[in-house]
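Under full-length UniProt numbering, the first residue of the sequence shown is numbered 1, with each subsequent residue one higher. The block underneath contains the structure these notes are about, expressed in structure tokens.
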Amino acid sequence: MSGLVQNPGMQTWSSHSPSSTPGTGRGKHRPRATVHREEDSEGRNQGLVGAVEKGTIQHFLRLAQQGTEEKERERALVSLRRGLQHPETQQTFIWLEGSMRTLVGLLTSNQALLQLEAARCLHELSHSEQSAVAEACLPATSYLLTYLSGHSSDFIELCLYTLGNLIVESEAVRRQLLPQGIVPALAACIQSPHLTVLEALGYALSQLLQVKEAPEMIIPSVLGSTLPEHILRLLQPGPKLNLGVAVEFAWCLHYIICSQVDNTLLISHGGLSTLGLLLLDMAGAVQRTEDTGLELLACPVLRCLSNLLTEAAMEVVGGQNQLEDERVVAALFILLQFFLQKQPSLLPEGLWLLNNLTANSPSFCTSLLSMDLIEPLLQLLPVSNVVSILVLTVLCNVAEKGPAYCQRLWPGPLLSCLIGTLAFPDIEVVGQSLELLQLLFLYQPEAAKDFLQQSGLQVLERHQEEAQLQDRVHALQQTALHQ
């Protein structure tokens with residue numbers, strides 16, 4: 001009938017039975033990150049002029065290595081970096097004998113400007129979607145990892161984004177970085193006072209948490225480190241909350257939760273209460289201003305809450321389940337109205353959470369009724385089939401709690417809305433409408449009489465020949481006629 005449902009990322013929601021396959025969210029991987037600086041932006045605009053030939057690459061490398069003046073060497077690396085923005089130049093570079101050895105030598109030199117430009121060249125290479133390019137960068141990865149413990153926040157940020165990009169395409173890169181201690185290195189970075197470093201760290205960690213071997217080889221190490229408690233700290237609402245940092249770490253938390261390695265640990269660290277308070281904070285923010293950017297944060301936060309609520313272990317954690325607060329429902333409806341106006345694609349995320357809140361909680365169902373939220377919920381029915389199914393599933397959660405709840409649902413606009421959804425062409429929408437009507441007729445016989453008076457049986461007849469609906473249509477006809 002209804003129940004807690006694992007949110008499978010961006011897959012279509014087509015059933016209200018629990019899903020056994022957790023999703024990972026933002027497609028296969030995040031877009032490769034670029035460090036946005038004025039000089040980089042200028043370099044990019046000037047560099048997109050075509051591929052650089054082998055001889056020119058050799059010339060730039062020779063000047064960078066043997067130039068008589070530091071400025072001349074730096075300019076050669078800048079020119080090389082601009083050339084490496086082109087995929088053909090990247091391919092030429094990695095197959096050029098000694099090219100990566102020279103670049104790594106410059107990366108490890110004792111001249112800061114040359115080091116920075118060499119790192120930027122590696123960053124350009126990291127944008128490639130070819131695993132061969134990422135694997136060619138293997139000799140540099142251990143140095144990039146070492147430099148995470150340095151003093152320059154700009155350099156650390158650059159190394160993090162580069163590592164994050166390289167992690168995506170190459171299993172060989174990940175095999176090298178894991179025993180070298182990438183997880184402890186990232187755990188050390190999370191205590192940085194620099195927001196740019198934290199945002200880059202969140203990006204790199206989110207890339208690492210998405211790879212296919214993450215549940216077995218990476219997430220247990222992450223959960224065994226100090227990262228979870230610091231991630232939750234960075235998601236706590238308040239004046240210190242930074243949107244860019246929070247977005248990155250909310251996605252990190254989502255990937256950890258979807259792995260289902262040990263969600264009880266996250267709950268014991270206060271994950272539910274932190275996310276619940278963050279939801280309240282987001283609802284307050286969208287009420288204060290229309291242009292908040294918080295829709296970027298809303299998606300991972302809603303998914304984290306939805307999926308943590310599916311944990312059976314939650315029932316034995318006791319006081320850590322601090323979501324029994326009707327303010328959460330009120331905040332969720334504020335966000336649903338915001339999504340309806342600004343970001344309709346996020347409506348299923350909010351409704352998924354509402355389903356998991358109401359599935360096993362009479363108190364949350366009571367909150368829906370006492371705050372007169374049934375009518376606003378019904379207004380979402382025409383948005384899409386996915387939204388309709390989720391709205392109807394939430395209403396089933398309320399109705400199945402028994403006669404007292406169905407009595408509160410009745411009278412009102414519910415019946416006329418359900419007769420309308422029975423005319424929808426989508427079989428799943430119709431099927432869920434039948435489920436809700438069956439509950440309503442069972443616990444509130446007056447609804448069945450009104451259904452007959454509104455020509456409900458004639459509406460049902462159009463579905464009598466549909467194989468997937470025949471049994472439920474017949475059962476509902478019998479219930480309506482014998483009340």
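Even glycine gets a Cβ: it sits at the ideal position worked out from N, Cα and C.
In the three-state reduction of the DSSP assignment, Pro228 falls in the helix class. Distance between Val329 and Cys304, taken at the CA atoms: about 16 Å. Pairwise C-beta distances place the region 124-140 out of contact with the region 179-190, as fewer than three of them are shorter than 8 Å. When only Cα atoms are considered, Leu241 and Leu234 end up about 7 Å apart. Residues Asn263, Leu266, Cys304, Asn307, Leu308 of the same chain have their beta carbon placed closer than 7 Å to that of Ile257, with the five preceding and five following residues left out of the count. Pairing Ala185 with Ser109, the inter-Cα distance amounts to about 22 Å. Residues Leu354, Asn355, Thr358 of the same chain have their beta carbon placed closer than 6 Å to that of Val394, with the five preceding and five following residues left out of the count.
When the beta-carbon positions are compared, Ala285 and Leu294 come within less than 9 Å of each other. For Trp95, the secondary structure class from DSSP, reduced to helix, strand or coil, is coil. Between Glu97 and Asn385, the alpha-carbon positions lie close to 57 Å from each other. Around the beta-carbon of His463, 16 or more other beta-carbon atoms lie within 10 Å, marking it buried.
Looking from the CA of Val104, the closest CA among Ala119, Ser370, Gly3 belongs to Ala119.
Check the Cα spacing between Ala246 and each of Thr226, Pro300, Phe364: the tightest is with Pro300. Only residues of its own chain outside the window of five on either side were considered, and among them Gly202, Ile231, Leu234, Leu235 have a CB closer than 7 Å to the CB of Phe249, listed in chain order. If you draw a straight line from the Cα of Tyr147 to the Cα of Glu74, it is about 20 Å long. When rounded, the separation of the alpha-carbon atoms in Arg62 and Glu171 is 32 Å. Spatial neighbours of Pro220 in its own chain (CB-CB distance under 7 Å, excluding positions within 5 residues in sequence) are listed in chain order as Val261.
Counting only runs of at least 4 residues, the region 341-372 fully encloses the following alpha helix (DSSP H) elements, listed from N- to C-terminal order: 347-358, 362-370. Assignment of Ala51 by DSSP, reduced to helix, strand and coil, places it in the coil class.
Unbroken alpha helix (DSSP H) runs of no fewer than 4 residues, entirely contained in the region 387-466, are found at 403-409, 414-421, 427-443, 445-453, 456-461, following chain order.
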